[in-house]
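Notes follow once the structure below has been shown.
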Amino acid sequence: MRNKQNRTLGAFEKTFWLLDLIDSKDFAIAGEIEGHKPVSEWRKALNKAQLRHPNLSVRIVMDAYSRPVFKHASFLPIPLRVLEVDQDYRWEQEVEKELSTRFNTEKEALLRAVLIQRPQDTVLILTGHHSQSDGTSMTYLFRDILTAVSGKELDPMQAQESNDETLGLPEDKVSPSSQRTQPLVKVNKGFAPKISSHRLSKELTNNLLERSREEYTTVHGALCAAALIACRAMRKEWAEKKIELISPICSRKALQLDDNYGLNITTHPVYFEGDQEFSFWQLARFAKAGLAGTDTKEHVKNYINFFRDLTYNTTDLNKIIEVLKEAFNQEIMVTNLGLIKYRTDFGSLKLKTLYGPMVRSGKGMEQTIGAITSNGSLCLTNTSDTPIEGLLLEMENILTRACHSV
């Protein structure tokens, strides 16, 4: 088994690596856990998870042909920061700190962990570099860490290929005679994203699921509609503006991938005109229809090829960065990981809720809505440098009214 990761970055991995030189694209997920374990046991669990997933033991360095590559590092422990706090301590402020702290991709592990020990429960926060992972991968990593901390062993996994390799596409190739790239110009500005979270009741979550089915749409479509309506109502300059709403799409099913810790997503925009006079459920159906076909292998290949044309077979990385500076200017992103697909009991511990993904998805004005359903409740987050205060509560009000509308 090849369980050491050494390869060039895939096209979208390379894109995220380049984007991170402009704007931080690190992301986080937080889990509230019923029960406690000694810090030493959490440390051992992180070590076991790292041995299981090859992508957790890599740095990103430049090879002889000015290509970024994943390079295995044997002694690269995952940093663990521990806090003992009161029960009402806001874990969101620790995510804000994490998303404001950049990874040194050439020297550090590309994952960090924060353990918050409260009198009645535990909160675990994982923050990752987006070039090597995505939200769904991180939810599986939570499962593996909780499995390990409960005393069970984890089987090692084979190093994941890039999506390009899975699709049979060649790696990033630059002629040895090509001129080496100029030193990369990194943007060293600071970031201060703000995080809010809100958990919907089991009753509302179930009502939303059932009503979405009745209306021939999805919970994701309903979340997009609620986010759009709330943003237009609460940010006046967006009231009649054409809004771009982006949704990340998991590519695991289309590419028949396992539970490895890797980057396996595409993204797709849906545009909402300012003069659309749609009802809530019409908007939800419109959002769903706009994503039709994005869960196919063909879509993934077309998406990867777009970024291959942009980022591959060139040493002029600074030129690519200039192009990427104009990308990802959406007003809203709704990143919905859906229902957690594993049991939430882990011996003496129980995973109560997962929140996220929390990420700066654009240039700072955007509202990034994260959504994960666990134990029957839909949990929402909003991440933004310029958050719309009360957005998640207004989304809940809109969803409640929509579920009870005639």
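Numbering (the UniProt record's numbering), first residue to last: 1 to 406. Ideal Cβ positions, reconstructed from N, Cα and C, are used throughout, including at glycine.
Check your understanding: Among A225, L324, Q93 and A227, which residue has its Cα nearest to the Cα of I22?
Key -> L324
Practice item. Assign Q5 to one of two classes, buried (16 or more other C-beta atoms within 10 Å of its C-beta) or exposed (fewer than that). Key: buried
Check your understanding: So, using beta-carbon positions, are P68 and L110 closer together than 8 Å?
Key -> no
Exercise for review: Would you be able to state if there are at least three C-beta pairs under 8 Å between the segment 335-349 and the segment 300-309?
Suggested key: no
Point to revise | Helix, strand or coil at A45 according to DSSP, with G and I counted as helix | key: helix
Review point. Taking the alpha-carbon positions, what's the L245 to I369 distance?
Key: The alpha-carbon atoms of L245 and I369 are separated by roughly 11 Å.
Review point. From what residue to what residue does the beta strand (DSSP E) around K37 run?
Key: For K37, there is no enclosing beta strand (DSSP E), since its DSSP letter is neither H nor E.
Review point. To the nearest angstrom, how far is it from the Cα of N302 to the Cα of Q87?
Key: 48 Å
**Study point:** Which of helix, strand or coil DSSP assigns to A64
**Key:** coil
**Study point:** F346, DSSP secondary structure in three states
**Key:** strand
**Study point:** DSSP three-state assignment for Q93, whether helix, strand or coil
**Key:** Looking at Q93 - three-state DSSP - the assignment turns out to be helix.
Exercise for review: For the beta strand (DSSP E) holding F299, just list the boundary residues, first then last.
Suggested key: Residue 299 is actually His in this sequence, not Phe. Per DSSP, H299 belongs to no beta strand (DSSP E); it is in the alpha helix (DSSP H), K297 to T311.
Review point. How would you label P170, buried or exposed, when you count the other beta carbons within 10 angstroms and need 16 or more for buried?
Key: exposed
Review point. In the structure shown, what three-state DSSP assignment does E106 receive?
Key: coil
Check your understanding: With respect to the beta strand (DSSP E) encompassing Y271, which residues constitute its N-terminal and C-terminal limits?
Key -> I265 to F272
**Study point:** Candidates L255, S384, C403 and I372, of which the one nearest S100 by Cα
**Key:** S384
Review point. What is the residue span of the alpha helix (DSSP H) that V323 lies within?
Key: L317 to L324
**Study point:** T267 to L126 span [Cα, whole Å]
**Key:** 22 Å
Check your understanding: Counting Cβ pairs, one atom from each stretch, are 3 or more of them under 8 Å apart for the segment 230-240 and the segment 121-135?
Key -> no
Point to revise | Host alpha helix (DSSP H) of M84 (start-end) | key: Note on residue identity: the sequence assigns Glu, not Met, to residue 84. Per DSSP, E84 belongs to no alpha helix (DSSP H); it is in the beta strand (DSSP E), L80 to E84.
Review point. How long is the line joining the alpha carbons of P193 and G364, rounded to whole angstroms?
Key: 8 Å
Review point. Just how far apart, CA to CA, sit P387 and S197?
Key: 12 Å
Point to revise | Reference S247; option with closest CA among K253, G338, R232 and Q158 | key: G338
Check your understanding: Going by C-alpha distance, which of G293, K241 and Y261 is nearest I332?
Key -> K241
**Study point:** Local Cβ density within 10 Å of V270, reported as buried at 16 or more and exposed below that
**Key:** With 16 or more neighbouring CB atoms inside 10 Å of its own CB, V270 falls in the buried class.
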